[in-house]
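Residue numbers (my numbering): 44 to 119.
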């Protein structure tokens with residue numbers, strides 16, 4: 044097990060979880076204020092954060108799997 048990759052994977056997953064709650068909250072706030080002049084900017088920011096959360100989640104899981112499985116290849 045590669046410990047550094049494992050810790051990096053956990054960091055990315057924890058950031059993804061934080062952004063997974065922040066993004067939809069911002070999107071919800073944007074839809075509550077449709078008449079405001081910054082509506083489209085706040086909505087775009089929320090969508091970008093939600094998309095970034097998904098990307099970070101995939102990268103974090105990929106790092107975790109690689110850290111766990113690459114160590115077993117060298118032992119055989």
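Where a beta carbon is used, it is the ideal one built from N, C-alpha and C, also for glycine.
Of the listed residues the options, nearest to residue i (C-alpha basis)
i: residue 70; options: 78, 60, 83; result: 83
i: residue 94; options: 50, 81, 64; result: 64
i: residue 52; options: 99, 112, 76; result: 99
i: residue 66; options: 107, 97, 50; result: 97
i: residue 92; options: 54, 46, 61; result: 61
i: residue 101; options: 68, 47, 58; result: 58
Presumed contact (8 angstroms Cβ cut-off) between residue i and residue j, rounded CB distance
i: residue 56; j: residue 103; result: 4 angstroms
i: residue 110; j: residue 44; result: 6 angstroms
i: residue 112; j: residue 49; result: Contact flag wrong, Cβ pair sits at about 11 angstroms.
Local conformation of residue i per DSSP, three classes
i: residue 71; result: helix
i: residue 62; result: helix
Residue-level contact to chain C via CB, residue i, 9 angstroms cutoff
i: residue 44; result: The displayed structure is made up of one protein chain only, and chain C is not part of it.
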